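Listed in order, the protein sequences are those of chains D and X. The numbering used here puts the first residue of the first sequence at 1, with every later residue one more than the last. The numbering used here puts the first residue of the second sequence at 1, with every later residue one more than the last. Note that CB positions come from ideal geometry on N, CA and C, so glycine has one too. None of the values given here were measured: they were computed from a predicted structure.
Protein chains: 2
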Amino acid sequence: MASMIQPGSNDRIAVLGGTGQQGRGLAHRFAHAGLRVIVGSRDADRARETVAGWSRTGQPVEVADNAGALGRANIAVLAVPFMSVDPLLQQLQPHFKDGALVIDLTVPVTFTAGKMELVDVAEGSAAEHVRARLPPTVRLACAFKTVPAHLLGAGFGPLDCDEFVCGDSDEARSSASALVALLPGLRPVDVGPLSRARSIEQLTVLAIAINRRYKVHDARFRVIGL
Amino acid sequence: MASMIQPGSNDRIAVLGGTGQQGRGLAHRFAHAGLRVIVGSRDADRARETVAGWSRTGQPVEVADNAGALGRANIAVLAVPFMSVDPLLQQLQPHFKDGALVIDLTVPVTFTAGKMELVDVAEGSAAEHVRARLPPTVRLACAFKTVPAHLLGAGFGPLDCDEFVCGDSDEARSSASALVALLPGLRPVDVGPLSRARSIEQLTVLAIAINRRYKVHDARFRVIGL
Numbered sequence: 001m002a003s004m005i006q007p008g009s010n011d012r013i014a015v016l017g018g019t020g021q022q023g024r025g026l027a028h029r030f031a032h033a034g035l036r037v038i039v040g041s042r043d044a045d046r047a048r049e050t051v052a053g054w055s056r057t058g059q060p061v062e063v064a065d066n067a068g069a070l071g072r073a074n075i076a077v078l079a080v081p082f083m084s085v086d087p088l089l090q091q092l093q094p095h096f097k098d099g100a101l102v103i104d105l106t107v108p109v110t111f112t113a114g115k116m117e118l119v120d121v122a123e124g125s126a127a128e129h130v131r132a133r134l135p136p137t138v139r140l141a142c143a144f145k146t147v148p149a150h151l152l153g154a155g156f157g158p159l160d161c162d163e164f165v166c167g168d169s170d171e172a173r174s175s176a177s178a179l180v181a182l183l184p185g186l187r188p189v190d191v192g193p194l195s196r197a198r199s200i201e202q203l204t205v206l207a208i209a210i211n212r213r214y215k216v217h218d219a220r221f222r223v224i225g226l
Numbered sequence: 001m002a003s004m005i006q007p008g009s010n011d012r013i014a015v016l017g018g019t020g021q022q023g024r025g026l027a028h029r030f031a032h033a034g035l036r037v038i039v040g041s042r043d044a045d046r047a048r049e050t051v052a053g054w055s056r057t058g059q060p061v062e063v064a065d066n067a068g069a070l071g072r073a074n075i076a077v078l079a080v081p082f083m084s085v086d087p088l089l090q091q092l093q094p095h096f097k098d099g100a101l102v103i104d105l106t107v108p109v110t111f112t113a114g115k116m117e118l119v120d121v122a123e124g125s126a127a128e129h130v131r132a133r134l135p136p137t138v139r140l141a142c143a144f145k146t147v148p149a150h151l152l153g154a155g156f157g158p159l160d161c162d163e164f165v166c167g168d169s170d171e172a173r174s175s176a177s178a179l180v181a182l183l184p185g186l187r188p189v190d191v192g193p194l195s196r197a198r199s200i201e202q203l204t205v206l207a208i209a210i211n212r213r214y215k216v217h218d219a220r221f222r223v224i225g226l
């Protein structure tokens, strides 16, 4: 019943890579929205330090190493750099629960000497790359790929943009959409099957390019006519 | 001096494929904005029929076959389906003026039995495919790839969205941006080199997907935070 994600539900959300800028911001906002959050990190102590400074949230926030966080959750948010995905998923294989939902946030870009490069992913997108490395019983959706990490981490102000969701099943997409809709000012836009992540990830490239060319930090998108 | 594109300038804009929904709408709006427009088509008579029903514009609108239109213009808008690009550019080779600016609108999608498919383009994007088929003295920019054709053709109401521009030189980009800015409600967003068309064309895929899933016609994008 992950599609009923709401404050007070029994869902437990592990944010893997929850001490990075993006993961930290999302985890804090989820907790602020009343969800039960477990902040995961390579090192549980780092997760503890991250959470220590947070304002009081409706639900207590738990911390764990990534495997421990995943083992306690029915929803896992994958908020690590794309380059860390392979070793992390390999390590986490035994810890996925049947029917768990993974939300992939990764975008296959690297920054070399300040220059952004899109990594060529054999599967077509980071999302499809992740899908190929998850147990078949685990469902996968994409979300939060285009909302700026910088903005996620800056308090709880409205995010004022749309967030594109795709996934490998209607249920995965509707659960991810419900999660997006919990954050003030974020509207989920369901764009269909997992392969649409190819388009979504290019949107992130465009946002980064706009940030750099126009010297802004928070370029993001709104769909007009919807 | 193409970057000075404005009503009353000496620029002459050929819209190649100017009888299709997108080309027609753009040509009419350019003329309405006071530019000197030549509507090109495979068949000049079709171009004449298209223009016959138009409301009076500041400048008289000329018609010609595509080669004739190109021969009279310093700016050419490529508004044909992607599948027609190769034969058209081959036919037009001798007609390009040195230093002319081409604005590429094409997106490499096909519709087979109602299903949208992205054509795999060896060069990485339709824009780069076009670049490889233009004389080296001709400059190339992309624009108008994401504004819905349906909306372009529906009168002169404000388009209310952003339009992504990229190109092979600063001058090509600034000329294309000036052209975008002439249409009410359209803001140019310069995203850099021509290869960024890979991202822009994926944005069009996303807009089509949104139109279909949400049963709307005019999904388009606005950049927030800019």
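Per-residue burial, residue i [other beta carbons within 10 Å of its own, 16 or more giving buried]
{"i": "M1 (chain X)", "result": "At M1 (chain X) the pLDDT is 41, less than 50, meaning the model places this residue with poor confidence and gives no usable figure here."}
{"i": "R56 (chain D)", "result": "exposed"}
{"i": "P87 (chain D)", "result": "exposed"}
{"i": "E49 (chain D)", "result": "exposed"}
{"i": "H28 (chain D)", "result": "buried"}
{"i": "P158 (chain X)", "result": "exposed"}
{"i": "T112 (chain X)", "result": "exposed"}
{"i": "Q202 (chain D)", "result": "buried"}
Reference residue i, options the options, closest by Cα
{"i": "F156 (chain D)", "options": "D:A31, D:P7, D:M4", "result": "D:A31"}
{"i": "E163 (chain D)", "options": "D:I75, D:G40, D:L183, D:L92", "result": "D:L183"}
{"i": "N211 (chain D)", "options": "X:V205, X:I224, X:N211", "result": "X:I224"}
{"i": "K145 (chain X)", "options": "X:E117, X:V80, X:N66", "result": "X:V80"}
{"i": "E123 (chain X)", "options": "X:L226, X:S169, X:A197, X:G153", "result": "X:A197"}
{"i": "R133 (chain D)", "options": "D:T112, D:K115, D:F96", "result": "D:F96"}
{"i": "V128 (chain D)", "options": "D:L194, D:P158, D:V165, D:L186", "result": "Looking at the sequence itself, residue 128 (chain D) is Glu, so the reference to Val does not match. For the residues D:L194, D:P158, D:V165, D:L186, the minimum Cα distance to E128 (chain D) belongs to D:L194."}
{"i": "S199 (chain D)", "options": "D:A172, D:G167, D:S175", "result": "D:G167"}
{"i": "H150 (chain X)", "options": "X:L16, X:A73, X:A219, X:I13", "result": "X:A219"}
{"i": "E171 (chain X)", "options": "X:V119, X:V216, X:Q21, X:I103", "result": "X:I103"}
{"i": "V61 (chain D)", "options": "D:L89, D:R24, D:R42", "result": "D:R24"}
Partner residues on chain X for residue i, Cβ-Cβ distance less than 7 Å
{"i": "C142 (chain D)", "result": "Neighbours of C142 (chain D) on chain X: none; closest Cβ ~12 Å, over 7 Å."}
{"i": "A219 (chain D)", "result": "V223, G225, L226"}
{"i": "D160 (chain D)", "result": "I224"}
Under 8 Å by beta carbon: chain X residues contacting residue i
{"i": "S209 (chain D)", "result": "Here residue 209 (chain D) turns out to be Ala, not Ser, going by the sequence shown. Those within 8 Å of A209 (chain D) in chain X are V191, G192, R196, S199."}
{"i": "Q21 (chain D)", "result": "The contacting residues do not exist; Q21 (chain D) stays about 16 Å from chain X at best."}
Contact with chain X by residue i, beta-carbon distance below 9 Å
{"i": "V205 (chain D)", "result": "yes"}
{"i": "M1 (chain D)", "result": "Bear in mind that a pLDDT of 41 at M1 (chain D), under 50, signals an unreliable position, so the number given afterwards is only what the model happens to contain. Not an interface residue."}
{"i": "P148 (chain D)", "result": "yes"}
{"i": "V119 (chain D)", "result": "no"}
{"i": "V109 (chain D)", "result": "no"}
{"i": "Q202 (chain D)", "result": "yes"}
{"i": "L152 (chain D)", "result": "no"}
Contact set between residue i and chain D, taken where Cβ atoms lie within less than 8 Å
{"i": "F164 (chain X)", "result": "L206"}
{"i": "Q232 (chain X)", "result": "Chain X is shown only over 1 to 226; residue 232 (chain X) falls outside these bounds and no answer can be derived."}
{"i": "R213 (chain X)", "result": "D190, V191, G192"}
C-beta neighbour in chain D for residue i, strict 9 Å
{"i": "R131 (chain X)", "result": "no"}
{"i": "V216 (chain X)", "result": "yes"}
Near the ligand SAH: residue i beta-carbon under 8 Å from a heavy atom
{"i": "A219 (chain X)", "result": "Ligands in the displayed structure: none, and consequently the ligand SAH is not present."}
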